[in-house]
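Data first, discussion second: the structure below is written as structure tokens.
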Amino acid sequence: MSNEIKIITEKCTGCTLCFKECIFGAIAMLDSEHLLSDGKKVKKLAQIDLQKCTFCGACVQACKKFGAIELKREESAVHLDMDTTHYKGVWIYAEQRHGEISPVVYELLNESRRLAEKLKVKLSAVLLGDKISNKAEDLIHHGADRVYVFDDPILCEFEDDSYSELLAKLIAAEKPEIVLMGATNIGRSFASRVAAKIETGLTADCTSLDVDINTRNLLQTRPAFGGNIMATILTPKHRPQMATVRHKVFKHAKKDDARKGEVIKKNVEHSSLVIRTKFLKFIKDISAKVNLADADIICSGGRGLGKPEGFKLIEELAEALGGAVGASRAAVDAGWIPYSHQVGQTGRTVSPKLYFACGISGQIQHLVGMGSSDIIVAINKDAACPMMKLATFAIEGDLYEIIPHIVKSLKER
Amino acid sequence: MNIIVCIKQVPNTTNVQIDEKTGTLKREGVESIVNPFDEYAIEEGVRLKERFGGKVTVITMGPPQADSALRSAISRGADNAILVSDRSFAGADTLATSYTLAKAIHAAGKYDIIICGKQATDGDTAQVGPGVAEKLDIPHIAYVKKIESIENNLMVAERMMEDGYDVIEVPLPALITVVKEINTPRLPSLKGMLSSKKAQIPQWGAKELGADKNKIGLTGSPTQVMKIFSPPPRPGGEKLTGHVSEMSKTLVSKLKDLKVI
Chain D
1 MSNEIKIITE
11 KCTGCTLCFK
21 ECIFGAIAML
31 DSEHLLSDGK
41 KVKKLAQIDL
51 QKCTFCGACV
61 QACKKFGAIE
71 LKREESAVHL
81 DMDTTHYKGV
91 WIYAEQRHGE
101 ISPVVYELLN
111 ESRRLAEKLK
121 VKLSAVLLGD
131 KISNKAEDLI
141 HHGADRVYVF
151 DDPILCEFED
161 DSYSELLAKL
171 IAAEKPEIVL
181 MGATNIGRSF
191 ASRVAAKIET
201 GLTADCTSLD
211 VDINTRNLLQ
221 TRPAFGGNIM
231 ATILTPKHRP
241 QMATVRHKVF
251 KHAKKDDARK
261 GEVIKKNVEH
271 SSLVIRTKFL
281 KFIKDISAKV
291 NLADADIICS
301 GGRGLGKPEG
311 FKLIEELAEA
321 LGGAVGASRA
331 AVDAGWIPYS
341 HQVGQTGRTV
351 SPKLYFACGI
361 SGQIQHLVGM
371 GSSDIIVAIN
381 KDAACPMMKL
391 ATFAIEGDLY
401 EIIPHIVKSL
411 KER
Chain C
1001 MNIIVCIKQV
1011 PNTTNVQIDE
1021 KTGTLKREGV
1031 ESIVNPFDEY
1041 AIEEGVRLKE
1051 RFGGKVTVIT
1061 MGPPQADSAL
1071 RSAISRGADN
1081 AILVSDRSFA
1091 GADTLATSYT
1101 LAKAIHAAGK
1111 YDIIICGKQA
1121 TDGDTAQVGP
1131 GVAEKLDIPH
1141 IAYVKKIESI
1151 ENNLMVAERM
1161 MEDGYDVIEV
1171 PLPALITVVK
1181 EINTPRLPSL
1191 KGMLSSKKAQ
1201 IPQWGAKELG
1211 ADKNKIGLTG
1221 SPTQVMKIFS
1231 PPPRPGGEKL
1241 TGHVSEMSKT
1251 LVSKLKDLKV
1261 I
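Note that the protein sequences, when read in sequence, are chains D and C.
The numbering of the first sequence is the working numbering, which starts it at 1 and goes up by one.
The numbering of the second sequence is the working numbering, which starts it at 1001 and goes up by one.
Right, here's the structure in full:
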């Protein structure tokens, strides 16, 4: 059996709810006069283009009231006989960069601690690197019950080949039910390779997680279409369930120096590792005083700055706030600031506590990159632009006049 | 040099507007475009061909309409294209898509480098590129912002990271996913547009690929969408008024009250 979806003509009122809901443009409204089961005559009929349909089920939900759309999904056949009950425990990957644990790891520890307690299982962290064994206790103090450590000079820098092989083998041997990673550049690249190796499901960039204690399924909620819709995704018949998690969404775990846990040192057998990639060097971005991904406060400038010098002002504001400097695509494309500062669809996705949008009108591509910020301050000449409407605090006027005043007030605080 | 570029057709969100009343996306009549990141992948493929010779083959998996995305790539310098399309591919998640694309690339013959965009703007997963590399058992470098050199079958590329960039060396064949900084895509040439009109684009289905039916489409997808919903709209904000100095003071004190500064 393959997937089937159909419109039940005598129930379709031609209301267009499904049509509006379909993000894939797979539904058309036909001019087709037909009778409903209660004898009422209607003029429009929904039609599904099966070439475009992904069987996501959004239309079925939109049509709940009328029940005019019937969806039969094919059962996932792979690993159908997989005994998921053998898989126990929640794991997180304790990403480190240049020997330091990435901040997202502490957020993962906090959220996965909650999940592990709900599932009544242990929380383990996996640490790979060179001379990093001393970090294991820190992970335990922040919530891990157990830490697997691969400490070897060969793992000094992140490389997809060696890291993914070691983690995939450990997963196969220990059988955790959930494996979480930060949705960082490393995490996204690495998790995908591991999931493909062990043939399990991976959900990218989750912003909310939960577990169903009956099915032990992980409920993975993530934005799609640049945050315009949210989707909750399950990996019902495969284990482990893998997900990458967006930075800054969950709170940092509290430290408890009295917490005890188990550290398991693993040997790295060089002969069994196939390493094709070779790390040559790292070049630090010196244009950024504060890293965009880790920043709690970001001050961004856009087309409204009018000239490259405008970023001096943005930098002053960022400095007064201890924040990072961001930019819209327009400012980057104009050559006013390097691409590494770009926030938005073709740049970085950020979710700081405070986002200043200076001279940024709020094109959808920018909004998808920063729309989940807690507090947004917009400064713009155009009070009617989308950013000003969206902002927590909107200030209308000339940013060249306003920002120096804000900097002054900040210094006086 | 045999260069493969994987692309995806996505809904164009550039002209999408927010419904003022509901705060949700207006989804009617959205046109399809080549995924923005894939434009850089196509351009980089064509530049490599210009430097080292060879040919660029563009591959997409999608509905028959995705043919237009492939023709767009040909108009920008790609030599040929393959449409991977079959009803049984529908509903594929990133694992099933990686498997299917890897099968298609394998069937397309010998290759030296595979280029993908960093991620597609509809799903935003960034998972398919590395997934394809794993399925083909070749190395990959994600987030490439520059190919420094290709010599003696070794490629050196710069991988963009949060705090700078890593320089990575990898033997070919290899796969890279590229970010915007790597190049500026060219416009279609007249010659390219003529070629794109004339191009014969084969369509490969599950049978042509010799794909395992348990590994494609919804059947081969471990992840399933349980529900889709609109995010709660952001609560309306506050417009500050008064003289500039007053507004600045008000803002700072409000931010202090909210404990964000």
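The C-beta atom is built at its ideal place from N, Cα and C for all residues, glycine as well.
Interface residues of chain C around residue i at Cβ under 7 Å?
i, result
"D:R114", "Ordered by position in chain C, no residue passes the 7 Å Cβ test against D:R114, which lies about 20 Å from the chain."
"D:G301", "Per Cβ cutoff of 7 Å: no residues; D:G301 is ~17 Å from chain C at best."
"D:C56", "V1225 and I1228"
"D:F282", "G1164 and D1166"
"D:N214", "Residues of chain C passing the Cβ test: none, with the nearest at roughly 14 Å."
Can you give me the start and stop residues for the beta strand (DSSP E) that residue i sits inside?
i, result
"D:T232", "I229 to L234"
"D:F279", "K278 to K284"
"D:I364", "Note, D:I364: premise wrong, no beta strand (DSSP E); alpha helix (DSSP H) at I364 to M370."
"D:F55", "Note, D:F55: premise wrong, no beta strand (DSSP E); not H, not E."
"C:T1177", "A1174 to V1178"
"C:P1011", "Q1009 to P1011"
"C:Y1165", "G1164 to P1171"
"D:L410", "That residue, D:L410, is in no beta strand (DSSP E); its alpha helix (DSSP H) goes L399 to E412."
"D:C206", "L202 to C206"
Among the options, which residue has its Cα nearest to the Cα of residue i?
i, options, result
"C:N1080", "C:Q1119, C:I1228 and C:M1193", "C:M1193"
"D:I355", "D:C299, D:I233 and D:P176", "In the sequence under discussion, the amino acid at residue 355 of chain D is Tyr, which differs from the Ile named in the question. Taking only the C-alpha atoms, the option nearest D:Y355 is D:C299."
"C:D1163", "D:V332, D:S287 and D:V194", "D:S287"
"C:K1008", "C:V1056, C:K1103 and C:T1097", "C:T1097"
"C:N1183", "C:Y1099, C:G1117 and C:K1103", "C:G1117"
"D:I379", "D:I402, D:K254 and D:L367", "D:I402"
"D:H238", "C:K1227, C:T1223 and C:V1244", "C:T1223"
"D:H341", "D:G14, D:S373, D:G301 and D:E199", "D:G301"
"D:V104", "D:K312, D:E412 and D:H247", "D:H247"
"D:L127", "D:M181, D:E70, D:A224 and D:R259", "D:M181"
"C:S1248", "D:Q365, D:A394, D:I213 and D:N267", "D:A394"
"D:D210", "D:M242, D:M387 and D:V274", "D:M242"
"D:A196", "D:A224, D:I186, D:E165 and D:D205", "D:E165"
"C:I1114", "C:A1041, C:G1217 and C:V1167", "C:A1041"
"D:T85", "D:L119, D:I364 and D:L167", "D:L119"
"D:C12", "D:F66, D:D49, D:D31 and D:I27", "D:F66"
"D:R426", "D:D382, D:I154 and D:V60", "What the structure shows of chain D is the stretch from 1 to 413, and residue 426 of chain D is not part of that stretch, so it cannot be assessed."
"D:I233", "C:G1236, C:P1233 and C:F1229", "C:F1229"
"C:T1094", "C:M1061, C:R1087 and C:I1105", "C:M1061"
"D:L219", "D:E111, D:G187 and D:I48", "D:E111"
"D:A391", "D:S361, D:T9, D:H405 and D:S124", "D:S361"
"D:D296", "D:H252, D:D130 and D:I264", "D:H252"
"C:E1181", "D:G335, D:K175 and D:G369", "D:G335"
"C:I1059", "C:G1045, C:D1212 and C:L1240", "C:G1045"
Contact defined as beta carbons within less than 8 Å: I believe residue i pairs with residue j. What is the distance between those atoms, to the nearest angstrom?
i, j, result
"C:A1092", "C:G1220", "7 Å"
"D:S189", "D:D161", "That belief does not hold up - the Cβ atoms of D:S189 and D:D161 are roughly 11 Å apart, past 8 Å."
"C:I1003", "C:V1056", "5 Å"
Which chain D residues are close to residue i, counting only those with a beta carbon under 9 Å from its beta carbon?
i, result
"C:Y1143", "N185, R188 and S189"
"C:D1124", "A204, D205, R222, P223, A224, F225, G226, G227, Q345, T349 and V368"
"C:T1121", "F225, G226, Q345, T346, Q365 and V368"
"C:R1047", "Those within 9 Å of C:R1047 in chain D number zero; the least Cβ separation is about 18 Å."
"C:P1185", "The premise fails here: C:P1185 is roughly 12 Å from chain D at the closest Cβ pair, so nothing lies under 9 Å."
The alpha helix (DSSP H) that contains residue i, what's its start and end?
i, result
"D:Y191", "The displayed chain sequence assigns Ala, not Tyr, to residue 191 of chain D. Its alpha helix (DSSP H) spans residues N185 to I198."
"D:I178", "D:I178 -> not in any alpha helix (DSSP H); beta strand (DSSP E) instead, spanning I178 to G182."
"C:S1248", "V1244 to D1257"
"C:K1191", "L1190 to K1198"
"D:L109", "P103 to L119"
Name the chain D residues that come within less than 8 Å of residue i, Cβ to Cβ?
i, result
"C:E1238", "T392, F393 and A394"
"C:Q1203", "In chain order: nothing, as chain D lies at least about 12 Å away."
"C:P1173", "The premise fails here: C:P1173 is roughly 10 Å from chain D at the closest Cβ pair, so nothing lies under 8 Å."
"C:V1005", "Chain D residues near C:V1005: none, gap ~18 Å exceeds 8 Å."
Check the Cβ of residue i against every Cβ in chain C and list those closer than 9 Å, keeping chain order.
i, result
"D:G143", "Result: empty, since nearest Cβ-Cβ is about 23 Å, beyond 9 Å."
"D:Q61", "K1227, I1228 and F1229"
"D:A421", "The first residue shown for chain D is 1 and the last is 413, placing residue 421 of chain D beyond what the model contains."
Along chain C, in chain order, which residues have C-beta atoms closer than 8 Å to that of residue i?
i, result
"D:C53", "A1090"
"D:L50", "R1087 and A1090"
"D:K353", "V1260"
"D:R246", "Per Cβ cutoff of 8 Å: no residues; D:R246 is ~11 Å from chain C at best."
"D:K197", "E1134"
Which chain D residues sit within Cβ distance under 7 Å of residue i?
i, result
"C:S1245", "H405"
Quick check for students: name the residue ranges of the alpha helix (DSSP H) that lie wholly in the region 1021–1091 of chain C, counting only runs of 4 or more. 1036–1052 and 1067–1075, all fully within the region 1021–1091 of chain C.
Alpha helix (DSSP H) runs wholly inside the region 122–159 of chain D, at least 4 long, in chain order: 136–141
Whole runs of the beta strand (DSSP E) within the region 1076–1160 of chain C, excluding any shorter than 3 residues: Listed in chain order, the complete beta strand (DSSP E) runs (minimum 3 residues) inside the region 1076–1160 of chain C are 1080–1084, 1113–1117 and 1140–1151.
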